[in-house]
Structures are given as structure tokens and as C-alpha cells.
Amino acid sequence: MRATSSVIVGRAAETGLLSNALDTASRRSGRAVFFVGDAGIGKSRLAGECAYRAYERGMPVLRGRATSTGLVVPFRPLIEALSSRFRAAGTPTDPELDPYRPALARLVPEWRQGSSPGYPETVVELAEALLRLLSVLGKEHGCVILLEDLHDSDTETIAVVEYIIDNVAELPVLLLGTLRPEPGAALDLVRSAEQRQVATVRELAPLSDADVREMTASCLETTPDEVPSATHERLTGRAGGNPYLVEVLLADLLDSGQLRRTDDRWEAYGNPDATVPTGVVRSWSRRLDRFDSPVRELLLCAATLGSQFSVTVLQTVTGFDDRTLFSHLRSAVEASIIAPDGADPDRYTFRHALTAEALVASLAPAERAAMARNAALSLEAVAHELSDEKLQLMAGLQMAGGDRHGAARQFAAVGRRMLAAGASGSAVILLERARSLADGSDLRGITESLAVARAEAGELDSALALTAELPPVPLRSEAAGQRGEAHVRIAWAAVMAERADEAAAQIGAARSVLGTTTRPEQEAALDVVEGHLALLPGHVRSGQRGATQDAARRAAAVAEERNLPVVACQAWQLLALLSRERGFDEADACLERMLAVSEQHALPVWRVEALVRLGANTFMRTGDPARLETARTAAQSLGALVPTQTVDGLLAMNAVMRGEWDGAHEIIERSVAASARVRNLGAHRYLLLASATLAAHRGRRRDLDRALVRFRRAGGEESLLVPLRLGLCRAFAALLEEDTGRALADLDAALAWEREHPSFFYLSGRYGLRPLLRTLGGQDGRAELAAVLESPGADLAWNQLFLRLADAVLRGREGDTARAARSVESAVADAAAFPLARHLGLRLVAGAALAEKWGDPVSWLRAAEEYFYGAGIQPVAAACRAALRQAGASVGQHRGGWDRIPAPLRTSGVTPREYEVFVLLAERPGNQQIARRLSISPRTVEKHMASLLNKTGRSDRAALCDFSAECAVERD
Numbered sequence: 002m003r004a005t006s007s008v009i010v011g012r013a014a015e016t017g018l019l020s021n022a023l024d025t026a027s028r029r030s031g032r033a034v035f036f037v038g039d040a041g042i043g044k045s046r047l048a049g050e051c052a053y054r055a056y057e058r059g060m061p062v063l064r065g066r067a068t069s070t071g072l073v074v075p076f077r078p079l080i081e082a083l084s085s086r087f088r089a090a091g092t093p094t095d096p097e098l099d100p101y102r103p104a105l106a107r108l109v110p111e112w113r114q115g116s117s118p119g120y121p122e123t124v125v126e127l128a129e130a131l132l133r134l135l136s137v138l139g140k141e142h143g144c145v146i147l148l149e150d151l152h153d154s155d156t157e158t159i160a161v162v163e164y165i166i167d168n169v170a171e172l173p174v175l176l177l178g179t180l181r182p183e184p185g186a187a188l189d190l191v192r193s194a195e196q197r198q199v200a201t202v203r204e205l206a207p208l209s210d211a212d213v214r215e216m217t218a219s220c221l222e223t224t225p226d227e228v229p230s231a232t233h234e235r236l237t238g239r240a241g242g243n244p245y246l247v248e249v250l251l252a253d254l255l256d257s258g259q260l261r262r263t264d265d266r267w268e269a270y271g272n273p274d275a276t277v278p279t280g281v282v283r284s285w286s287r288r289l290d291r292f293d294s295p296v297r298e299l300l301l302c303a304a305t306l307g308s309q310f311s312v313t314v315l316q317t318v319t320g321f322d323d324r325t326l327f328s329h330l331r332s333a334v335e336a337s338i339i340a341p342d343g344a345d346p347d348r349y350t351f352r353h354a355l356t357a358e359a360l361v362a363s364l365a366p367a368e369r370a371a372m373a374r375n376a377a378l379s380l381e382a383v384a385h386e387l388s389d390e391k392l393q394l395m396a397g398l399q400m401a402g403g404d405r406h407g408a409a410r411q412f413a414a415v416g417r418r419m420l421a422a423g424a425s426g427s428a429v430i431l432l433e434r435a436r437s438l439a440d441g442s443d444l445r446g447i448t449e450s451l452a453v454a455r456a457e458a459g460e461l462d463s464a465l466a467l468t469a470e471l472p473p474v475p476l477r478s479e480a481a482g483q484r485g486e487a488h489v490r491i492a493w494a495a496v497m498a499e500r501a502d503e504a505a506a507q508i509g510a511a512r513s514v515l516g517t518t519t520r521p522e523q524e525a526a527l528d529v530v531e532g533h534l535a536l537l538p539g540h541v542r543s544g545q546r547g548a549t550q551d552a553a554r555r556a557a558a559v560a561e562e563r564n565l566p567v568v569a570c571q572a573w574q575l576l577a578l579l580s581r582e583r584g585f586d587e588a589d590a591c592l593e594r595m596l597a598v599s600e601q602h603a604l605p606v607w608r609v610e611a612l613v614r615l616g617a618n619t620f621m622r623t624g625d626p627a628r629l630e631t632a633r634t635a636a637q638s639l640g641a642l643v644p645t646q647t648v649d650g651l652l653a654m655n656a657v658m659r660g661e662w663d664g665a666h667e668i669i670e671r672s673v674a675a676s677a678r679v680r681n682l683g684a685h686r687y688l689l690l691a692s693a694t695l696a697a698h699r700g701r702r703r704d705l706d707r708a709l710v711r712f713r714r715a716g717g718e719e720s721l722l723v724p725l726r727l728g729l730c731r732a733f734a735a736l737l738e739e740d741t742g743r744a745l746a747d748l749d750a751a752l753a754w755e756r757e758h759p760s761f762f763y764l765s766g767r768y769g770l771r772p773l774l775r776t777l778g779g780q781d782g783r784a785e786l787a788a789v790l791e792s793p794g795a796d797l798a799w800n801q802l803f804l805r806l807a808d809a810v811l812r813g814r815e816g817d818t819a820r821a822a823r824s825v826e827s828a829v830a831d832a833a834a835f836p837l838a839r840h841l842g843l844r845l846v847a848g849a850a851l852a853e854k855w856g857d858p859v860s861w862l863r864a865a866e867e868y869f870y871g872a873g874i875q876p877v878a879a880a881c882r883a884a885l886r887q888a889g890a891s892v893g894q895h896r897g898g899w900d901r902i903p904a905p906l907r908t909s910g911v912t913p914r915e916y917e918v919f920v921l922l923a924e925r926p927g928n929q930q931i932a933r934r935l936s937i938s939p940r941t942v943e944k945h946m947a948s949l950l951n952k953t954g955r956s957d958r959a960a961l962c963d964f965s966a967e968c969a970v971e972r973d
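Position 499 of the sequence shown, counting from 1, maps to 500 under our numbering, and the rest follow consecutively.
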């Protein structure tokens, strides 16, 4: 009979915890729960019980396990978990997952698109995409993701688990993880999460004597009182309360006949001290002796490969034909020693990890090493056909067989491939393993690769410490070239982390080791990193610009000639930044070249980067967001969450400037929290600044102050966004409060900051609003305006409005009143995309026009008053009314817009804003057209449409449009 218990014994508290966690997850209150315990203590049994209870509730279950073979396979448990669900239920088709499918394609093979390279998403981006997927799966009843044996998991999976722990609270998701209490990243994460009170951790204690008796009774299908005392004493004394060991020892007693069923009861036989194995190892050794020799050899060989093993690899090592191999595997399955792995048809697994360990331990050390050595040689013969996972297995066998040198080289080769693929965390693990095995001839190169991997994994300090340990290499040698390349890559990582001093030191080390006769491609890589370093805050020196640009152009040419596309893209990106001070045409030409190189060499990261920067430049010049939208679509199609959030920041600011405030709010809400979760600080700060600017342009001081507090807490005051915070945000807030003095003070502060920290932000007011205010105040004249007009910043459509108004004011003072009036009219007409700036400009110049008697200031003030009244910005509306009264013009009274609504609609509850939508329906426009005309979002239009259909009793949109046309005839 099979000595396995059909019930869970001694775990009432744990099963109660699981029931509660499942209930809360179904109510959109997610939790992370972890069971920690030694091998065989019952972690997997509890995970299975959780899955069973979840199935009963109709909750989707995703179950994956880390490999215990020591192989490093990025995201292995997550891939298995998703496969376990989608193999049976199919992949979800919910449209809300569309932006995340490209990122999730790394985990879901069905979502991979051909062989074209995708965007190498960061671990955090992938984690966010997985969190969205779990939310979709659990939207009806909640869902469960079970990840077992996390102590054996890869670095990338641990990072994803950490992200889920930190963000699962408001989602319909239960994360259940199991792990042994072994020192490592998984245990550190779980302990940290417990201390931060974001996860529940339970350590599984051994079973009590009473629990062992109850479990034994369950295995024997009898009552606890019927368990022989000798058997119970033997199990409690040798198993130590470990459920797995109880079952193994009980199976040995049954197999050996020392525990038998006679008539209607169980009896113990034999002398336990003389015949019973002294431990699990001897127990398994005895069980193996009962198998035929070929089955025994197959099981020992399989155990040498690990607790989970590939049938293909096992066949390669044993040499069995298919029929013989599967016959032996069936025998082992029938004996409950192994089982097919449901997640992979090519894989079998031992029923417990301890089983494989015990089988291997049953061999003498020399026999164990010989078996590992023979298995490694068998795999080495077909190494060219093996995946990285199987090559790691071969390296592990080489190490077990005594070939440390061969194992080191194999681990290093796989680690370097993982580094090239972007899995820097897993690369670190393998390269560390290789370094611990390497001898003098390989140690230097492996240490260099490890230093690069640590730098690119964000462990810059560890990388720098490793480089400090490296021995010197001969100048102008192949080793010097490799050392120089490592220093350059670490320098680039330091620049990206804004660690300027460390970057400079690595560049210096690279130049020192390469000597004065560097090859052109080496010099190109160095020049590019040095150029980007020069643009970091505090490192910009105007005297270096020319030399930096010349070096960047040489680097671009060399990189394209020597087929170094990444260096070429880095160089063209640098040139685009440097060229902005001379104008957008030159900068765009550099970006177009960067785009062409990235597309030619299939570099999706750099393609998206080029599209984003081109879109940003177009938005700056014209105010048109169309190209930014294209960039966002490209980023989203690749699952590139970080660039998508960057574009969202620019789109949000664009919507604020265009007066599309509802749309701006929607974009900000869509991305601001997610950008914080994935630590995309650049985009997060810009989105927070857009939120503050939105409040400022709506005249909402309290919202502005709160938004600026969030901006400051996110490090905004230490970023290059300070001029925008002063000039585009605070100065406008002051003007909308009719405080010109404070606005000028903010604009002056922005200018002073930019002089200390040269940058390429042209929306700070330096090239538009500030010259207008100083012209109105008499501080600036024609010469100052001409100087500003020479700057590339004057090309921006936003700035042109204010500069043309400043020109009109000067022309009015110079007596050229007709041209002054025409300048105002043309400036305002060309700035139709910026309603707030346009009407604010009219408000500002009207005073000068009234005083100097030119133009049509009364009409300008009336237009401004109507706009600001409708926008709810009362200080400016009141100032316009006061100016009209001083000019002797009549001032109309507002009654909230209700007087414009026909009585039948008004009594139906139609609001003024809904009536504005209703009036436009006579022309049968689409929602997008209505949104543009009313400066609201399409989503707001949809809400107004639904309300109008309900209040007017019309059946559909066509009927509502007909009704609007009828009302229009009556109005006429």
C-alpha cells in the first residue's frame, strides 16, 4: 500500500490563514503569504490545499515552482505558473491587457511575435505587467498565484515577487510562496516584507507526537488508537515531526514487512534496532535494492541530474532507447518515486527533493563523482545542441565530477550570454559561480564580466569594488582591450545612475589601460560616454560644448563605419542634445539618423528613444501632439512601460498647455502611480510637474501647493525641471491671481537657475512670457527682444505668442499702431491651440493698448473675460471687467449660463456644459471633434452624451442629433 496521508494534519492555523486570505482576495483586498520550513515539513501540501480551496471558489490558480537543480533560468517559476493556467484555460483576450502583452511575452510564449527582437523590458516593467494580468484574471472572483521553493529561484523572479508584495494590497490577488529557511535573497525578501508588514509569514513547526500518530493512522487507513506503539515510537524518534520522513520511514516498514496487517489490526514485527535503517539515506538505499538493476541505475542517474530532470538529457546520459527508457520510468512512477511534471512534457520530478538527495547520498563519494563525470561527458558530446539551462546542468556535473576548470568556463559562457540578453541579475549569479571555480588563466576575464554584470544590475558599488581588485594588464594587449571595454560599460552605467565622479574615474581607468594609441572604435565609445557625462547637472561647461560635439560626430562616423550600432545611437542622441541650442532642425536631423540606425540594426530600445525625442521636439515647436502619440504607440506595442510613461508626461503637459484639462488629468492619473512603482523617476517627476502646472493653469492654488509638495518629495528640486516649475507653473499661477510682480520674480529665478545650470528647456518663460512682461513694464526694449528672437527657444509656438505680443506692444509705443493691432490679431489667431495663453496674452496687452490708444482692447478684454469666467478663474475675469469699466465699456452680467438653455431642456435638468455639447450635435460631429472644440476630453464628451440621452429621453445618438437640429432651427 502507499504510505501517504490523504489529509493535512497539525496545520489548522495555517489552513485558517489560507481561507481568510482567499476570502479577502475575492473582495479585492490582496495579500502576500509565505510558508517557511525545512524540506518535507509540508509546504507543498499546504500550497496544494490552497489551490483546491481556490478552485472551489471559482478562482483562477497559477502555480509554478523554482528548479532545485541549481540551474539559473530567469523567471522559471513565473513562466511555469502562467503556463499552468493558460494550458488549460487559454490566454486571456481582455483589451485592457493589450499594452502589456509585449512585456508579458517573455513569460507567455503565445504572445511572442515571430523572431523579431522585442523591447528588453526591465524586471520592474515586467512585474507591473504581471500585476495587471493577475488583476484581470481575478476581477470576478479573485485569483491565486502559487510560487513554490523560492529559495531556489533566480534573482529576476525574486525582484518580481518583491514588486507584487509591495503592490498587491488593493488587487484581487493572493500571492502564496513557499521556501526553506536557507540564507539567500528569497529569505531576506520575506523577512523584510514581514518587518514592513506587507506580508504574512508562517514558519512551519514539526508535527507533535499526537499529530504524527494521527498522520500515521491516515496513511494506514485506521484510527490513531490502532497504530502500534512500537511503530509510533520509531516514527516519532526518527522522523523528528517531519511529515515527509514519516511517510518514507513508514513505507520502509511496510516494504520490509516490519509493519503488517493481520486480520483487523496492524502489528509491528522484528527488532527495530537491528534491522531498521538509521536514516532516510539507508531507507532509500534499501528501497533501491528491490528494483531491477537497470531501473536502479536509471534512478541514480536521474537523481544525479537533480530533483527535476529532462527525459531528453536522461536518455543522452543513459543511452537507453525510447522503449526501454519509458518502461523504466513507468516502474519508478508506479513505485511513487517520480512523477511526470505537468508543466513540461519532457520533464519528470522526484516526489520530493529529499528523495533525489537521499539517492545520491546513498552512493560512495568516488562512485558519485564517476557518475557525474560520465554524465558530463555524455552531454559535452552534444553541447552544441544544448540550451543554456542544459549547459548549466553540464557545468554542475563537471563540478561534481572534479572538473572545476571546465565548470568555470561553462558557467561563465552562459553568464555572459545572459548579460547580453539583459538578464543581468542571473548573469551575476552564474559569473559569481564561475569566479569561485576559476583558476588564474580565466579569473581575470570572469571578474571583468562580473563587474559589468553587477554595474548593469544596479550594483554599482560592488562593480567598482571588483574593478579595484583586478590585476594590471599589459598595455595595448588583447587583455587591455577587454579591460578597457569593461571600464567603459561600467562608466555608462554610472552616467545613467547620475554618479558623475564614479563615471569619470572609470573613463580615466579605461584611457589609462588602453594607452595613447586607442583604436578608433574604442575612442568612439569613450567619447560618447564622456559626452553624456558632460551633460549631467553640475558638469555642463559651455567652453567644452564645441569639443564635445566634434568628438560625438567622430564617434558617430566611426561607429557606423565599424558596425557598432549601439555606440552610433548613443552618439546621435548626444549630438541631438547638443544641437538643441542652435535650433530644432539640426537636433531633429540627428534624431532621424538615430532612428534610421536603430531600425536598420533592429534595436527597439533606441528606436523608441528616437521616436520619443522627435515627438518631444515636434510638440515643443508646434504644440501638436500627433508625433508624440505615434511614439507612445510604438513604445506601447513593445511593452516598453518606462518610455510609455515618459511620453505620457509630455502628453500631459501638452494637454495642459492646450487647455485640455480633463485629458491632462486622465493621462496623469493613468501613469503617475505606475511610474512611481517602477521607479521611473524622470517620468514620475515630470508627471507630478504636469499635475502642478494643471492646477496652476486652472487657478487652483491649494491644488498647486499640494502638487508641488509631491514634486519636491520626489526629488524634483534636484532635477533639471526647476525652471519649468518656476516659469511654466508658478509664474502662471501668479498671473492668474493678478500678481504680475510675483510672476516676474519667479521668471527671474528661473533665469538665474538656468544660468547656473545650462539646460535645453525652452518653456521656462525665458524666451516668451518673461520678455512680454518686461516689455509691458518698460524694462526691455527692441534690442532685448531682438536678442531673444535669435535663440532657438523663440521657435516654439508657445513662446512665439508672447514674443509677437511683445513686438506689438513695442510697435504701439513706437506709433506704428496699425501694425501693432495686426500683430496682436495674427499672434492670437496662430495660437488657437493654446486657449489659456492666448486669452492671458490678450488680457496683458489690453492695458498697454488702452493706455496708448491702439488696437481693439475692449474686444480683447471681453474675449478674455468670457474665457476666464467660463474657466472659473475669477481674479482675471474680474480684472477684465474692471478694465472694461475703466475704458467706459459696458459689462454684461453672467448667470451661470442657465439663461442660454431653452426652458424644456432646462426643466429636464440639462446643465450649461451639457447644453454646449447639445448645440454642437446639430452638425453631427464625432466625440473627438466635440472634445477639441470645447477643450475637454473625449471621455468627458461620452459622459455628457449619456446624460443627454437620459435627460431628453432620446433612444440613440442619431435621435439626439435630430433633436439638436430642430432646436437650432427654432433658435434661428
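Glycine included, C-beta positions come from ideal geometry on N, C-alpha and C.
Keep in mind it's a predicted model, so treat the numbers as computed, not measured.
Checking the DSSP bridge columns, you'll see W267 partnered with R262.
Excluding residues up to 5 positions away in sequence, A401, G402 and G403 lie with their Cβ nearer than 8 Å to the Cβ of A370 in the same chain. Pairing A373 with L398 gives a Cβ-Cβ distance under 9 Å. For G402, there is no enclosing alpha helix (DSSP H), since its DSSP letter is neither H nor E. For the 9 Å CB-CB criterion, L527 and V474 do not form a contact.
Annotation note: the segment 753 to 801 contains the following uninterrupted alpha helix (DSSP H) runs of length 4 or greater, listed N- to C-terminal: 770 to 778 and 783 to 790.
The residues P876, in chain order, have a CB closer than 6 Å to that of E738 in the same chain once the five nearest residues on each side in sequence are set aside. Residues of the same chain with a CB within less than 7 Å of the CB of T776, apart from the 5 flanking positions on each side, are L786, A807, V810 and L811 in chain order. DSSP places P472 in the coil class of the three-state scheme, outside both helix and strand. Bounds of any alpha helix (DSSP H) do not take in G43, whose DSSP letter is neither H nor E.
Non-local beta-carbon contacts of V942 in its own chain, meaning distances under 6 Å to residues more than five positions away in sequence, involve N928, I931 and A932 in chain order. Cβ neighbours of V657 within its own chain (closer than 7 Å, five residues either side excluded): A665, A691, T694, L695 and H698.
Here the alpha carbon of A424 sits roughly 18 Å from the alpha carbon of L151. About 19 Å separates the beta carbon of T448 from that of L476, a gap too long to meet the 8 Å contact definition. In the structure shown, E738 falls within a coil segment according to DSSP collapsed to helix, strand and coil. Taking 9 Å as the cut-off, the beta carbon of L175 is found closer than this to the beta carbon of A55.
In this structure, the beta-carbon distance from L360 to L306 does not fall below 9 Å.
If you keep only unbroken alpha helix (DSSP H) runs of at least 4 residues inside the segment 432 to 476, you get 441 to 457 and 461 to 470.
DSSP places C144 in the uninterrupted beta strand (DSSP E) bounded by C144 to E149. Taken atom to atom, the span from the alpha-carbon of C51 to that of T16 is near 8 Å. Residue pairing from DSSP places I339 in a beta bridge opposite F351.
The beta carbon of R805 lies closer than 6 Å to those of S824 and A828 in the same chain, with the five residues before and after it left out. For T201, the beta-bridge partners assigned by DSSP are V34. G178 is bridged by DSSP to F35 and L148. DSSP lists V145 as the bridge partner or partners of V62.
Taking M654 as the centre and dropping the five residues before and after it, the same chain places the C-beta of A691 closer than 6 Å to its C-beta, in chain order. Annotation for V74: T68, D155 and E390 place their beta carbon closer than 7 Å to its own, counting only its chain and skipping 5 residues before and after. Taken through DSSP and simplified to helix, strand or coil, F835 comes out as coil. In this structure, G241 sits away from P295, with a CB-CB distance that is not shorter than 9 Å. Using a Cβ-Cβ distance cut-off of 8 Å, the segment 592 to 604 and the segment 568 to 582 are in contact, since at least three pairs of beta carbons, one from each stretch, lie closer than that value.
Taking a cut-off of 8 Å on C-beta distances, the segment 218 to 227 does not touch the segment 185 to 202, as fewer than three cross pairs fall below it. A distance below 9 Å separates the beta carbons of A439 and A409. Linking A947 to A428 through their CA atoms gives a straight-line distance of about 55 Å. Using a C-beta cut-off of 8 Å, the segment 618 to 634 makes contact with the segment 789 to 801, since at least three inter-stretch Cβ pairs fall below that distance.
The DSSP-derived three-state label of F712 is helix. Close CB contacts of A498 within its chain, under the 8 Å cut and outside five residues either way in sequence, are with G459 and L461 (chain order).
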